[in-house]
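Notes follow the structure.
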Amino acid sequence: MKVEARLFDVTTGFFFLSAIVYGLWAKEPVGTVALILTGGLSLIVGSYFHFIARRLEQRPEDNPDAEVSDGAGELGFFSPGSYWPVAIAASAALAGFAMAFWQVWLLTIAVVLVLITIGGLVFEYHTRPDHD
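Below, the structure is given as structure tokens:
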């Protein structure tokens with residue numbers, strides 16, 4: 000996670016430096032605020048990665064002397080065939096459609112569908128604990 004944390008450190012610095020330069024050069028408050036907020040969001044993600052990097056053991060990506068073979072092996076579990084991402088995309092498209100035409104009733108339905116489909120994706124392989 001150190002590579003990712005470093006990446007967000009660089010982008011955070013870029014956004015804050017851009018906000019300073021833009022604020023002095025353009026003297027336009029909306030763009031300056033947007034760049035400051037973007038830098039803040041990047042700082043949040045980078046801080047999270049720094050926090051997680053301390054708790055994890057070193058990965059091959061974090062070692063500059065690592066070989067390609069050091070990263071071999073199983074990376075995790077990936078669903079072989081799930082329809083939940085398609086359902087999430089469809090419900091998000093419905094939400095976008097509802098916002099484009101500002102149909103509040105349809106937006107309410109779409110938000111509920113987005114939440115249901117996200118829950119379905121997250122808990123797709125969840126099994127209940129055994130009760131004796």
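In numbering that gives the first Met the number 0, the protein residues as written are 0 to 131.
Using N, Cα and C, we set each Cβ at its ideal position, and we do this for glycine too.
Are the CB atoms of residue 81 and residue 113 within a distance shorter than 8 angstroms? Not a contact, by the Cβ cut-off of 8 angstroms.
By the 10 Å Cβ neighbour count, where 16 or more other Cβ atoms means buried, how is residue 23 classified, buried or exposed? Per the 10 Å Cβ criterion, exposed.
Quick check on residue 118: buried or exposed, where buried means 16 or more other Cβ atoms within 10 Å of its Cβ? Around the beta carbon of residue 118, a 10 Å sphere encloses fewer than 16 other beta carbons of the protein chains shown; the residue is thus reported as exposed.
For residue 50, count neighbouring C-beta atoms within 10 Å of its own C-beta (all shown protein chains included) and say buried if the count is 16 or more, exposed if not. Exposed, because fewer than 16 other Cβ atoms sit within 10 Å of the Cβ of residue 50.
Would you call the segment 66 to 84 and the segment 31 to 44 in contact, with 3 or more CB pairs under 8 angstroms? Contact between the segment 66 to 84 and the segment 31 to 44 is absent, because fewer than three Cβ pairs lie under 8 angstroms.
Short check: CB of residue 44 to CB of residue 7, under 8 angstroms? Contact check for residue 44 against residue 7 passes: the beta carbons are separated by less than 8 angstroms.
Within 10 angstroms of its Cβ, does residue 38 collect 16 or more other Cβ (buried), or is it exposed? That one is buried.
Three-state class that DSSP yields for residue 128 in the structure shown: In the structure shown, residue 128 sits in coil (DSSP, three-state: anything other than H, G, I, E or B).
Answer yes or no: do residue 116 and residue 86 have a C-beta to C-beta separation smaller than 8 angstroms? Cβ distance < 8 angstroms, so residue 116 and residue 86 count as in contact.
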